[in-house]
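Participant: Structure in structure tokens, see below.
Numbering (the UniProt record's numbering), first residue to last: 1 to 921.
Structure representation (structure tokens):
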């Protein structure tokens, strides 16, 4: 019998065909329906105007999601309000649940834990071990242990069937993972191809258009051989002319289009002015469009799914993070800004998600569309940003969407994160044409749990992505990325000193870039009026970028094109001068080229500091590579000049008079690797990416040396890389497993929360009283925790289980029609059941009176009866290992006799570590 509907309150009706929950294993119902159900407990007459922590006013909601709780927040609390004195909502028609079979309903597609099958009375493995989980709300942590046990039980069920059909099912189950990563790799490459082609055309449209076909980018409008790139206007201080063959008659600039409108006198100046104006206007238009898409389509407040908690999701902001509650509850968490899911590179958020954090919508279809379109627009605008980092986010979106079609990943967040790790590898593979480097990047930088199976699938996914992109050929040259280069000369021993210097430069630049960008974001972007007008900030940054970039050919060209020209080797007899970077006569050409590159270095470096973090899709890889390549190219030209001037010097004796002995492009590549290592703190994966870009291991030692030196210097000047600083700035709850803490004299008692509200089985727990306790939990800011369930035992209390806030909300919304009904919790003992795995509620699956559903007011099936526990005299390092190695959501603290002392949940532990780190600094 379905739950009744009240005709007087439309909010209680399911919308869009949403099903009402029929039991603990049913899928999530409407968020508003669950919230209204909780509000109407104990309120026979109510009005829809009531507001509370369960249903705050939509115009005054606090944006408290994801904020780390402080010690005061954990201790503070507010007296529970009297719901009988409040104005409630219209009560739903009562429904008797005792004896009904609502627990046996079939699993809707979005239910998290699969129900007991009718063909077997053995319950689901996850249910057997640590209770039923309903759904993970946004900005909460997943239960790695639950998901691991759940998958282990699924594998055990598959192995029980030894028939031919059973073997086929096992093979099909194994093939699903490989099929999933194949689809992800293919789709990632297709999307990357579309973004690259779109970005090329949009970028070139700022300067003009192709007369043969308006939809062709400049490199396709005028095809050339040997990847000869088109020369841009040379600055006045460059004293040499570019090759006239590099001109393109089929390409028409805006100055030529509007030439009839200019007067004969001063026509050249006016033509330049027209080109300058068109370049700036189109650049600003593209950036504005990208920002508007990002802000209006991917604000965190616009993502609410049925899987979110009806209680916890009510704290979402309404889009104006400046609003505050008139009387915020005591102990509530601090407000935090609204997140824009498509903004930035996405790598810090991906790291947080892969560590076990849930952000609904961040990897969804709407974010994927906005990120892809916005990325093409923002890169084409000429801003100092890249598209390579956001490819990781785009690939993760593809991985998340594809995994939803397979129940083994849809209903297991732990396994889904393995697929996301493989998708990250594919993202790097299409960004740099480096599938092996992509696997290592996923392992080194973003993944939290990376077993051997995930590594193989990541490798396969990256290979499929790289192979597909090679067939699509986005640049028309057979290359996966534009700046793939090859060198035909070896390095020499005397060059180790310059390579070492480039490593020092990369470390210093990386540390100071991270510091300055963090301070700019915190004190200027988020501390001034720019916070309220993100589109204005985008306009101003784009305007400044266009003004400074147009006048210099190396800042005016695209980021990948600049890196390619800086990396390129100047070959004797070639007509390709790589936009004037090839110095054939150092005494006459070196100074103008060095001056021009140095200006580009300063402009790119300064603009990147203020650009990274604006509300458009933006990566950090290409701008950083560009800065390092500029520094390396300058040093390479200087050494080339020295070798040209003093060919008989002992330092250049190995050259044996060869005036082409020094390769400035090699120095550019080494400098780029060192600078990127200083900013992101990646080492092994970055070195391998550089090897794959150059198609050789000849320069392994120079790259490895510069990368190691850069990371060492950067860590000494600023311990955190740019991604870790973004995580700190965004207040994302990321637990760094690689960080070593000094505990000193601190003990577990210093972090244990002893004031957490508990449920005692020796007291009467009614539907209404538990609803009130749930309200207190929400108001205290502990949105990612639950309630220890205790029973008296001698002089203390002994724990019999733990129930999460989401599970309690789901259970109460089902039995909300009987507010005075007593809720029971009971524990089972091993002699009550059998089987391979110890079962916390397996007795409920047996025949007779213990069939699941015999007593809907028994919440025992929601309890975790085997929580991780530590004694209060244990070292703090043990707690750290439980959270990092086992992925615990909470740890229960007991004394030496096993009596309950308190709880340490993950966010409490993160707040403790944050305080400890600040004290050490």
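The C-beta atom is built at its ideal place from N, Cα and C for all residues, glycine as well.
Starting from residue 689 and walking both ways along the beta strand (DSSP E), at which residues does that stretch end?
Facilitator: Not the beta strand (DSSP E): residue 689 falls in the alpha helix (DSSP H), residues 684-694.
Participant: Tell me residue 863's beta-bridge partners as DSSP assigns them.
Facilitator: Answer is none; residue 863 lacks a bridge partner.
Participant: Given this structure, state the Cα-to-Cα distance separating residue 744 from residue 753, to the nearest angstrom.
Facilitator: The alpha-carbon atoms of residue 744 and residue 753 are separated by roughly 20 Å.
Participant: Near residue 617, what residues of its chain come up, given a Cβ to Cβ distance below 6 Å and the 5 sequence neighbours on each side ignored?
Facilitator: Here the set comprises 342, 371, 374, 375, 378, 390.
Participant: Let me confirm a value: residue 1 is counted as buried when at least 16 other C-beta atoms fall within 10 Å, else exposed. Which label applies?
Facilitator: Because residue 1 sits at a pLDDT of 35, beneath the cut-off of 50, its placement in the model cannot be relied upon, and the point is left open.
Participant: Looking only at its own chain, which residues have a Cβ that is under 6 Å from the Cβ of residue 819, when we skip the five neighbours before and after it?
Facilitator: Contacts found: 41, 42, 767, 768.
Participant: Just to confirm the assignment, what range does the beta strand (DSSP E) spanning residue 799 have?
Facilitator: Looking at the DSSP string, the run of the beta strand (DSSP E) that includes residue 799 is 796-804.
Participant: I'd like the list of long-range same chain contacts for residue 522, defined as Cβ closer than 7 Å, with 5 residues on each side in sequence excluded.
Facilitator: Excluding sequence neighbours, residue 522 sits near 729.
Participant: Using a 10 Å radius around the Cβ and a threshold of 16 neighbouring Cβ atoms, would you call residue 904 buried or exposed?
Facilitator: Buried.
Participant: To the nearest whole angstrom, what separates the beta carbons of residue 980 and residue 735, a pair I think is in contact under 8 Å?
Facilitator: Lying outside 1 to 921, the shown extent of the chain, residue 980 is not represented and no answer is given.
Participant: To the nearest angstrom, report how far apart residue 350 and residue 197 are at their CA atoms.
Facilitator: Computed Cα separation, rounded: 26 Å.
Participant: Would you mind reading off the limits of the beta strand (DSSP E) that contains residue 220?
Facilitator: Not the beta strand (DSSP E): residue 220 falls in the alpha helix (DSSP H), residues 218-221.
Participant: Excluding the 5 residues flanking residue 555 on each side, which residues of the same chain have their C-beta closer than 7 Å to its C-beta?
Facilitator: Within the same chain, residue 555 has close Cβ partners 548, 549, 600, 603, 604.
Participant: Quick check on DSSP: helix, strand or coil for residue 289?
Facilitator: It is helical.
Participant: Is it buried or exposed, residue 402, if we count other Cβ atoms within 10 angstroms and call 16 or more buried?
Facilitator: By the 10 Å Cβ count, residue 402 comes out buried.
Participant: Tell me, to the nearest whole angstrom, how far the beta carbon of residue 362 is from that of residue 615; I am working on the premise that it is less than 8 Å.
Facilitator: About 15 Å separates the two Cβ atoms, so there is no contact after all.
Participant: Over what stretch of residues does the alpha helix (DSSP H) that includes residue 509 continue unbroken?
Facilitator: Per DSSP, residue 509 belongs to the alpha helix (DSSP H) from 496-519.
Participant: If we count the other Cβ atoms within 10 Å of its Cβ and call it buried at 16 or more, is residue 52 buried or exposed?
Facilitator: Annotation note: pLDDT 45 at residue 52 (below 50); position unreliable, coordinate value reported separately. Answer is buried; the Cβ neighbour count reaches 16.
Participant: Label residue 271 either buried or exposed according to how many other C-beta atoms from any shown protein chain fall within 10 Å of its C-beta, with 16 as the threshold for buried.
Facilitator: Counting Cβ neighbours within 10 Å, residue 271 comes out buried, since at least 16 surround it.
Participant: Would you say residue 352 and residue 719 are within 8 Å of each other, going by their C-beta atoms?
Facilitator: No, Cβ-Cβ distance for residue 352 and residue 719 is not below 8 Å.
Participant: Please list the segments of the alpha helix (DSSP H) lying wholly inside the segment 710-785, counting only runs of 4 or more residues, in order along the chain.
Facilitator: With a minimum length of 4 residues, the continuous alpha helix (DSSP H) runs that stay inside the segment 710-785 are 722-729, 767-779.
Participant: How many whole angstroms separate the CB atoms of residue 388 and residue 485, which I take to be in contact at a CB cut-off of 8 Å?
Facilitator: With 8 Å as the limit, residue 388 and residue 485 do not qualify as a contact, their Cβ atoms being about 16 Å apart.
Participant: Between residue 911 and residue 748, what straight-line distance do the alpha-carbon atoms span, to the nearest angstrom?
Facilitator: Taking the straight line from one Cα to the other gives about 14 Å.
Participant: Please state the DSSP three-state secondary structure of residue 681.
Facilitator: Coil.
Participant: Counting beta carbon pairs with one atom in the segment 458-466 and one in the segment 422-434, are three or more of them shorter than 8 Å?
Facilitator: As far as the Cβ criterion goes, the segment 422-434 touches the segment 458-466, which means the pair count is three or higher.
Participant: Enumerate in chain order the residues of its own chain whose CB-to-CB distance from residue 524 is below 7 Å, with the five nearest sequence positions on each side excluded.
Facilitator: Taken in chain order, the residues that qualify are 530.
Participant: Mind the definition here: the segment 410-426 touches the segment 177-186 only if three or more C-beta pairs lie below 8 Å; say whether that holds.
Facilitator: Yes, the segment 410-426 touches the segment 177-186.
Participant: Beta strand (DSSP E) containing residue 893: first to last residue?
Facilitator: Looking at the DSSP string, the run of the beta strand (DSSP E) that includes residue 893 is 890-894.
Participant: Report back the beta-carbon spacing between residue 368 and residue 394 to the nearest angstrom; my notes put them in contact at under 8 Å.
Facilitator: Confirmed, Cβ separation roughly 6 Å.
Participant: Skipping 5 residues on each side, what residues in its chain have a beta carbon closer than 7 Å to that of residue 916?
Facilitator: For residue 916, where only same-chain residues beyond five positions count, the Cβ hits under 7 Å are 741.
Participant: Out of 512, 189, 794, 404, point me to the one whose CA is closest to residue 608's CA.
Facilitator: When only C-alpha atoms are compared, the closest one is 512.
Participant: What did DSSP end up calling residue 251 once you bin it into helix, strand or coil?
Facilitator: Residue state, collapsed to three classes: strand.
Participant: For residue 357, which option in 906, 598, 640, 691 has the closest C-alpha, if you only look at C-alpha atoms?
Facilitator: For residue 357, the nearest C-alpha among the options comes from 906.
Participant: Could you pull the DSSP bridge partners for residue 790 from this structure?
Facilitator: DSSP lists 760, 799 as partners of residue 790.
Participant: Can you name, in chain order, every residue of its own chain whose Cβ lies under 6 Å from the Cβ of residue 221, other than the five neighbours on each side?
Facilitator: Around residue 221: 210, 250, 251.
Participant: Note down the Cα distance separating residue 195 from residue 165, rounded to an integer number of angstroms.
Facilitator: Rounded to whole angstroms, residue 195 to residue 165 spans 44 Å at the Cα level.
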